[in-house]
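Its first residue numbered 180, the sequence shown is counted upward by one per residue in the working numbering.
Note that the Cβ used here is the ideal one computed from N, Cα and C, for glycine as well.
Bear in mind that the values here come from a model prediction, so they are computed numbers and not experimental data.
Here's the structure we're looking at; comments come further down.
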Amino acid sequence: MAAWLRIQAAGVQLMTWFGAACQLHRDWHNDSEGLGQIFSSHLPSYRNLITSYNALAK
180 MAAWLRIQAA GVQLMTWFGA ACQLHRDWHN DSEGLGQIFS SHLPSYRNLI
230 TSYNALAK
């Protein structure tokens, strides 16, 4: 935690792996399902959201 506080004090903007993945992905039009698979395998609430959306979209 001390290291996080030091780098934040130096001006680094802290973010989660979810935010970093979204920033690195950039173009959601070409591979939204691939990134969605990664998110749903690591975030159960995201999986529930996509499952619910797919059920309503049918």
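CA-CA distance, Y225 to S219, rounds to 5 Å. Contact annotation, I229 with G215: C-beta distance approximately 6 Å; criterion of less than 8 Å satisfied. Boundaries for G190: no alpha helix (DSSP H) harbours it, and the DSSP string shows neither H nor E there. Secondary structure note for R205: it is in no alpha helix (DSSP H), with a DSSP letter that is neither H nor E. The beta carbon of A200 sits closer than 8 Å to the beta carbons of L214, I217 and F218 from its chain, once the five residues preceding and following it are set aside; these are given in chain order.
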